[in-house]
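Heads up, the thing below is written out as structure tokens.
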Amino acid sequence: MIDLLIRSLSLTLLLGLLGCGSGNPGALPAGPDLGPYSDLDQPENYTGATLYAYMNGGAEVILQKGFSRLTVRRYARGTDELIAELFEMKDSRAAALLYGGMRRPEAEAELIPGCVGSITPAEVLLAKGRYFLLCRNEDPMAADGAAVRDLASRIAERLPGEGTDNPTRN
Amino acid sequence: MIADPAKTLRLTRRDLFRVGIGAGGALAAGLSSSCAWSPAPCREVAPNPFTQGGRPLLVAVQGEDLDAMLQAGIEALGGLDRLLSFGHEAVFRANYVARQPYPVTTAPEFIAAVGRELKTCGFRRRTLFDSHGSALLTASAPDAIMRGLGVHEHLEKEGIEVVTRDFLDAGEFRPVRNAAWRISSPVGLHRMLHEAAVVISLPVVKRHGAARFTCALKMHFGSVAMSDRIITHQKGMRGDSEFLDERLVNFADAVKPQLNIVDARAILTRSGPTLSAGGRVVRDVNRIILCGDMVATDAYCARLMAEHDETFSLDMVERQLKIAGALKIGTADLDAVRIVEIKL
Chain A
1 MIDLLIRSLS LTLLLGLLGC GSGNPGALPA GPDLGPYSDL DQPENYTGAT
51 LYAYMNGGAE VILQKGFSRL TVRRYARGTD ELIAELFEMK DSRAAALLYG
101 GMRRPEAEAE LIPGCVGSIT PAEVLLAKGR YFLLCRNEDP MAADGAAVRD
151 LASRIAERLP GEGTDNPTRN
Chain B
1001 MIADPAKTLR LTRRDLFRVG IGAGGALAAG LSSSCAWSPA PCREVAPNPF
1051 TQGGRPLLVA VQGEDLDAML QAGIEALGGL DRLLSFGHEA VFRANYVARQ
1101 PYPVTTAPEF IAAVGRELKT CGFRRRTLFD SHGSALLTAS APDAIMRGLG
1151 VHEHLEKEGI EVVTRDFLDA GEFRPVRNAA WRISSPVGLH RMLHEAAVVI
1201 SLPVVKRHGA ARFTCALKMH FGSVAMSDRI ITHQKGMRGD SEFLDERLVN
1251 FADAVKPQLN IVDARAILTR SGPTLSAGGR VVRDVNRIIL CGDMVATDAY
1301 CARLMAEHDE TFSLDMVERQ LKIAGALKIG TADLDAVRIV EIKL
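Read top to bottom, the protein sequences are chains A and B. Here the numbering used here is used: the first residue of the first sequence is 1, the next is one more, and so on. Here the numbering used here is used: the first residue of the second sequence is 1001, the next is one more, and so on.
Take a look at the structure:
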């Protein structure tokens, strides 16, 4: 009986996970469409039911703030390996709240006209419309932020909606 | 339960997820009491072999040369040959929660360095075990995270075997239980760990969403069946942090590694357990911690986190450590621990 229950739960998880994996990349374009980037892997998609599989215990923070879906793509530019995580939230306020909770106030600057981002050498965060974008260098100790900043800019320009220029405090 | 897959597919995914959690809830409610079947005992191990004057020994080494730090730490511990009395084959547990490099996950060079020390002292076989995916999905294959991080290439050069297993395969997990647990239901412990003669845990030091902190105790979420992990995290998400803390300790109790070697050269602060949740890497902490007591290890490493993360406080782990102490897994009272701090 225990075995049957475990298999039932496993089937449920499987069917949920079938909603993720490679497929529609959402608003994250392929590397060549962005310019000097190549794709390192297939895009990944996650919903509320499967976000735990990607983020483990960090999923709670995101889910509590009105999460809809996550698209993940990995890019290469020269020797840099970069990752973009695009969180689609229920509305622009939810995206701004998520950004407000994760940003580094001391690292904020305008990334593209009308859109402020939290910009460090290894990571760029921003909110635009109902989207929260997190671009990272796969090396969390990277010292040169040019590549991750460029990637975030190119993606942000394509996102619909208004940028966050006065982030909501969490 | 779900007997007709065709009917199942006409339900929405939200309905299926609720059914799954309902099934899991029944499991967590203690079905063993209504069945003739009995779970096995947790992994049985001898008392902590790394003691001094009757007290658990914790060695913390500060430095920049990993091999030198490890050698100094092992020497202060009294040598790894104390583990040989249990067997000549060791299984490593490391942290592969996501495809993100150290300090989100255990650095392959750290495992390799520990592996070399074990080989030197006489271990014939060293195996890294993990269960963090399913063969049913390319994006979540059992070895996807490790392959993405280059773990296999790094370790196979050192003669360390890498074994990954499907977290959805019920046949791989053995239900175990300790009668002293306050939660009556068993947990599914991977049989490779249940049967291992020597288990060495290689945690990293990070913040965590619902659990607030992850190091030696929380590591063992990765040692149990996915259903147990999901149920526990679901309860945490609904605000039942007491259940999460109890279960976290139960998972650790099920494994009871004989040695914990923590790589705290860098730590993940403010949020976790991945960078995707807003965590920040703090470099130049430059410590490794070696201890046969998981609870003392977490008590010490929690202090390290508090030094580097102004948003963390020791009361965030107090309940977990108290539960672990009550189960006699170890001691959080660092005054009762023989602490040796070495600076290279």
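C-beta atoms are modelled at their ideal positions from N, C-alpha and C, and glycine is treated no differently. All figures in this text were calculated on a predicted structure; none of them were measured in a lab.
{"Query": "Can T1274 (chain B) and V1104 (chain B) be called in contact, C-beta distance under 7 Å?", "Result": "yes"}
{"Query": "Hey, quick one: how far does the beta strand (DSSP E) through E1089 (chain B) stretch, first residue to last?", "Result": "1089-1094"}
{"Query": "Reducing DSSP to helix, strand and coil, say where G1171 (chain B) ends up.", "Result": "helix"}
{"Query": "DSSP on Q1052 (chain B), reduced to helix/strand/coil?", "Result": "strand"}
{"Query": "If you count every other CB in all the chains shown that lies within 10 Å of the CB of H1088 (chain B), and 16 or more means buried, which is it?", "Result": "exposed"}
{"Query": "Alpha carbons only, please: which of B:N1250, B:A1112, B:G1292 is nearest the one belonging to L1059 (chain B)?", "Result": "Per the sequence shown, residue 1059 (chain B) should be read as Val rather than Leu. Minimum Cα distance to V1059 (chain B) is reached at B:G1292."}
{"Query": "For V1097 (chain B), does the three-state DSSP call read helix, strand or coil?", "Result": "coil"}
{"Query": "Give every residue of the same chain whose Cβ lies closer than 6 Å to the Cβ of D1130 (chain B), excluding the five residues on either side of it in the sequence, and list them in chain order.", "Result": "Y1096, T1164"}
{"Query": "Taking a cut of 8 Å between CB atoms, which residues from the stretch 1232-1247 of chain B lie near chain A?", "Result": "H1233, G1236, M1237"}
{"Query": "With a threshold of 7 Å between beta carbons, is H1154 (chain B) in contact with chain A?", "Result": "no"}
{"Query": "Along chain A, which residues have their Cβ under 7 Å away from the Cβ of R1283 (chain B)?", "Result": "M141"}
{"Query": "According to the neighbour-count rule (16 or more other Cβ atoms, all chains shown, within 10 Å of its Cβ), is K1343 (chain B) buried or exposed?", "Result": "exposed"}
{"Query": "Check the DSSP bridge columns for R1287 (chain B) and list the partner residues they point to.", "Result": "B:Q1062, B:A1264"}
{"Query": "Leaving out five residues before and five after E157 (chain A) in sequence, what residues of the same chain have Cβ atoms less than 7 Å from its Cβ?", "Result": "I112"}
{"Query": "So within the stretch 1094-1151 of chain B, which uninterrupted alpha helix (DSSP H) runs reach at least 4 residues, ignoring any that extend past its ends?", "Result": "1108-1121, 1144-1148"}
{"Query": "R130 (chain A) and M102 (chain A): beta carbons closer than 7 Å?", "Result": "no"}
{"Query": "Rounded C-beta distance between A1277 (chain B) and M141 (chain A)? I'm assuming under 8 Å.", "Result": "Not quite, the Cβ-Cβ distance comes to about 18 Å (not below 8 Å), so this is no contact."}
{"Query": "Can you give the beta carbon distance from V1162 (chain B) to V1199 (chain B), rounded, assuming they're within the 8 Å contact cut?", "Result": "V1162 (chain B) to V1199 (chain B), Cβ: 16 Å. No contact."}
{"Query": "Kindly say whether A1090 (chain B), judged by its beta-carbon, lies nearer than 7 Å to any beta-carbon of chain A.", "Result": "no"}
{"Query": "Residues of chain A with CB under 9 Å from H1208 (chain B), in chain order?", "Result": "N56, G57, G58"}
{"Query": "Taking the beta carbon of L1149 (chain B) as the centre, do at least 16 other beta carbons fall within 10 Å, making it buried, or is it exposed?", "Result": "buried"}
{"Query": "Shortest alpha-carbon distance to G35 (chain A) belongs to which of A:A53, A:Y99, A:R77?", "Result": "A:R77"}
{"Query": "Taking Cβ positions, are G66 (chain A) and G1209 (chain B) nearer each other than 7 Å?", "Result": "no"}
{"Query": "Got a sec, what are the start and stop residues for the alpha helix (DSSP H) C1301 (chain B) sits in?", "Result": "1294-1308"}
{"Query": "Once you ignore the five residues that flank T1311 (chain B) on each side, which residues in its own chain have a CB closer than 6 Å to its CB?", "Result": "R1270"}
{"Query": "Measure the alpha-carbon distance for R1338 (chain B) versus N45 (chain A) and round it to whole angstroms.", "Result": "49 Å"}
{"Query": "For L40 (chain A) and L70 (chain A), which I take to be in contact (beta-carbon distance under 8 Å), what is that distance rounded to the nearest angstrom?", "Result": "Not confirmed; about 17 Å, so no contact."}
{"Query": "Please confirm if the stretch 1046-1063 of chain B is in contact with the stretch 1177-1197 of chain B, defined as three or more CB-CB distances below 8 Å between the two stretches.", "Result": "no"}
{"Query": "Which residue from B:Q1320, B:V1340, B:D1081 puts its Cα closest to that of A1252 (chain B)?", "Result": "B:Q1320"}
{"Query": "Going by DSSP in three states, G1236 (chain B) sits in which element: helix, strand or coil?", "Result": "helix"}
{"Query": "CA-CA distance, S1134 (chain B) and V1045 (chain B)?", "Result": "30 Å"}
{"Query": "Buried or exposed: which applies to D1309 (chain B), given that a residue is buried once 16 or more other Cβ atoms fall within 10 Å of its Cβ?", "Result": "buried"}
{"Query": "Within the continuous beta strand (DSSP E) that includes E1318 (chain B), where are the two ends?", "Result": "It is not in any beta strand (DSSP E) - E1318 (chain B) instead sits in the alpha helix (DSSP H) that spans 1315-1326."}
{"Query": "With distance defined between alpha-carbon atoms, name the residue in A:T120, A:E106, A:L125 nearest to E85 (chain A).", "Result": "A:L125"}
{"Query": "Could you tell me the boundaries of the alpha helix (DSSP H) in which G180 (chain A) lies?", "Result": "Shown here, chain A extends from 1 to 170; a query on residue 180 (chain A) therefore has no answer."}
{"Query": "Can V1205 (chain B) and I1111 (chain B) be called in contact, C-beta distance under 7 Å?", "Result": "no"}
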